[in-house]
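Novice: Below you'll find the structure I mean.
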Amino acid sequence: MCDLQCAVSGSALSTRSATRKSGLSDIEVVEHRANIMLAFSAPDISRALPHAEYSTRMGKRRRLNGDTGSEAQESSPKMVSAPSPTSHRHAETPHSVADSPPSNPAASSSLTSPSMFCRSKRFTRKHPTSPVALRSTSSSESSDTLTLSPNVKQMSAGTSLEKPIAKVETKRQKRQLSIPDATIASYLGPATPLTISPPASTLYVPRKFLRLAYGGSDQHLVQFMHSSKLPSNMSLVPAARGSGKVRRFVFPMHTLNPNMPMKPGEPGLLFALRHDTLDGIWGLWCRHRGGKITKWCYLGEYKSELVGKLEKGVFEVQPDSVKQEWAELIINSKKCEPYVAMRARVALRKDGLLPVDDELKAEALVQKQMCAIKGGKGKTISVTVKELISALERGDEGIDIIRMECVDYDQSLARDVEKRCRPRHRLIV
1 MCDLQCAVSG SALSTRSATR KSGLSDIEVV EHRANIMLAF SAPDISRALP
51 HAEYSTRMGK RRRLNGDTGS EAQESSPKMV SAPSPTSHRH AETPHSVADS
101 PPSNPAASSS LTSPSMFCRS KRFTRKHPTS PVALRSTSSS ESSDTLTLSP
151 NVKQMSAGTS LEKPIAKVET KRQKRQLSIP DATIASYLGP ATPLTISPPA
201 STLYVPRKFL RLAYGGSDQH LVQFMHSSKL PSNMSLVPAA RGSGKVRRFV
251 FPMHTLNPNM PMKPGEPGLL FALRHDTLDG IWGLWCRHRG GKITKWCYLG
301 EYKSELVGKL EKGVFEVQPD SVKQEWAELI INSKKCEPYV AMRARVALRK
351 DGLLPVDDEL KAEALVQKQM CAIKGGKGKT ISVTVKELIS ALERGDEGID
401 IIRMECVDYD QSLARDVEKR CRPRHRLIV
């Protein structure tokens, strides 16, 4: 049940039947809705209108109580006029909500039905930046001049609503590590972009396609593809399991690595505890940053070097969301050795078992606690997210900084991906 303060015609038709009989287009109906919503949203008008109650049942709106006779109609102020349905047919340029009276009186009365206003009101709540979010230029009852709110962009019929890009970017930045530019430049050092000729591919593809086409997993940071499925023999290494050779690729997340390479051939930094990429050459892929599109682009073959550790002062000033994400990643990991080892050291310090003078004894304690965390025998010392964040802020533990520099680009792989990926799975930027 919804409370409406409006004057209702006793012979008003339903919105659907009125629209069908009046012959109005969808765009014209939307503009009528905007004017109706505005008329009922004016503060001075809403106070003068009588009270009515309506409810929705089995898809039909039925009136429960309220006086909507001639007395209510006479007491209501002058309504804001709606645009002419025929004005769109002769207009040469797009225009906003028009100000000419409707040529079809029946359509006008039916479009002021309570059911129409209910839908407009709900639409306004969900989409505050929509064209119906209008305001009157005057609070007087006789005012009939309308203007758009300063925060609302005027949009012609058929234009989609624009998302608040600035707010989206702000939320994304709050989830990223932030490091001073001077510090980033010092870590990048002599690394320079690689000139790629012919131009590199800018195609983004799903990881599921890469798994089906070349093998490996599509859920982990690193992915191993067998040489028998690849178009070239670049950067092959012996397979850790089974026979043959494989090629190694890394898929970093930009939220955890805001300074990673984003274009083919350019250098960048990774923030990680894993040192897999320090061994030899790895193929690098970057995820598309637009919205929720989970597609990846090949950037080239990269060599990596450990260049430093995130200082405690830098981590201490990071947003709480960044600290929370890193702490949860470390605590919830039970297979990644560096993450489990860090959690074990924090737990041992909590119980007062570390530090010790004997390094061999300290290592044995860490290994024992790691086995307990992974599900083996022994007592597991619990560690909370807050305790792990405190360890990183104090500098007891740190996140490593790895510099990545492009040394080669596999044109055969890039063209093979372009050839084999179906058009509906592609994203070209």
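When you line the sequence shown up against the UniProt record's numbering, it's residues 1 to 429, in that order. Note that the Cβ used here is the ideal one computed from N, Cα and C, for glycine as well. Bear in mind that the values here come from a model prediction, so they are computed numbers and not experimental data.
1. Closer than 8 angstroms by C-beta to Gly265: which residues in its own chain qualify, once you throw out the five before and the five after it? Chain order, please.
2. In chain order, which continuous runs of the alpha helix (DSSP H) of length 4 or greater are located wholly inside the stretch 192 to 240?
3. What does DSSP give as the partner residue(s) for Leu306 in the beta ladder?
4. Our contact map puts Lys419 next to Val383 with C-beta atoms below 8 angstroms; I'd like the distance itself, whole angstroms only.
5. Quick one: Cα of Glu325 to Cα of Glu393, how far?
6. With DSSP collapsed to three states, give me the class of Gly313.
7. Examine the Cβ distances between the stretch 247 to 267 and the stretch 280 to 295 and report whether three or more of them are shorter than 8 angstroms.
8. Counting only the same chain and skipping the five closest in sequence on each side, list residues whose C-beta sits under 7 angstroms from that of Cys336.
9. By a C-beta neighbour count over all protein chains shown, 10 Å radius and 16 as the cutoff for buried, is Pro164 buried or exposed?
10. Nearest-angstrom Cα distance between Pro180 and Ser186?
11. List the endpoints of the continuous beta strand (DSSP E) containing Arg394.
12. What's the gap between the Cα of Met234 and the Cα of Arg426?
13. Rounding to the nearest angstrom, what Cα-Cα distance links Glu311 and Glu359 in this structure?
14. With burial defined as no fewer than 16 other Cβ atoms inside 10 Å of the residue's Cβ, what is the status of residue 432: buried or exposed?
15. Quick check on the DSSP output: the beta strand (DSSP E) that includes Lys245 runs from which residue to which?
16. Going by CA-CA distance only, name the one from Leu270, Arg289, Glu305 that's closest to Asp279.
17. Kindly list the residues whose CB is nearer than 7 angstroms to the CB of Asp416, restricted to its own chain and excluding five residues on each side of it in sequence; keep chain order.
18. Counting only the same chain and skipping the five closest in sequence on each side, list residues whose C-beta sits under 7 angstroms from that of Lys245.
19. Can you tell me which of the three DSSP states Tyr339 falls into?
20. I need the boundaries of the alpha helix (DSSP H) containing Arg415, first residue and last residue.
21. By how many angstroms is the C-alpha of Arg207 removed from the C-alpha of Ala327?
22. Can you name the start and end residues of the alpha helix (DSSP H) that Ile281 belongs to?
23. Could you name the residues of the same chain whose beta carbon sits closer than 6 angstroms to that of Val268, not counting the 5 residues immediately before and after it, in chain order?
24. Could you check which residue in Leu256, Phe209, Phe224 has the C-alpha nearest to that of Arg241?
25. Using the DSSP secondary-structure output, state which residues sit across from Ala272 in a beta bridge.
26. Starting from Trp296, follow its DSSP beta bridges and name the residues at the other end.
27. Could you give the distance in angstroms between the alpha-carbon of Ser390 and the alpha-carbon of Val346?
Specialist: In short:
1. Pro193, Leu194, Thr195, Ile196, Ala200, Leu299, Gly300, Cys406, Tyr409
2. 207 to 214
3. Ile402
4. That belief does not hold up - the Cβ atoms of Lys419 and Val383 are roughly 49 angstroms apart, past 8 angstroms.
5. 14 angstroms
6. helix
7. yes
8. Arg274
9. With a pLDDT of 41 at Pro164, under the threshold of 50, the modelled position of this residue cannot be trusted, and the question is left open.
10. Straight-line Cα distance between these residues: approximately 10 angstroms.
11. First-last for Arg394: 385 to 394, but that is the alpha helix (DSSP H), not the beta strand (DSSP E).
12. 24 angstroms
13. Approximately 24 angstroms, taken between the alpha carbons.
14. Since the displayed the chain opens at 1 and closes at 429, residue 432 lies outside it and no answer follows.
15. 245 to 250
16. Glu305
17. Pro231
18. Ser227, Leu236, Val237, Pro238, Ala239
19. Here Tyr339 sits in helix by DSSP.
20. Segment 411 to 420, the alpha helix (DSSP H) holding Arg415.
21. Their backbone Cα atoms lie some 26 angstroms apart in a straight line.
22. Premise fails: Ile281 lies in the beta strand (DSSP E), 281 to 287, not in any alpha helix (DSSP H).
23. According to the sequence as given, residue 268 is Gly; it is not Val. Answer for Gly268: Asn259, Met260, Pro261, Met404, listed in chain order.
24. Phe224
25. The partner list for Ala272 (beta bridge, DSSP) reads Asp400.
26. Val205, Arg287
27. In a straight line, the C-alpha of Ser390 is about 10 angstroms away from that of Val346.
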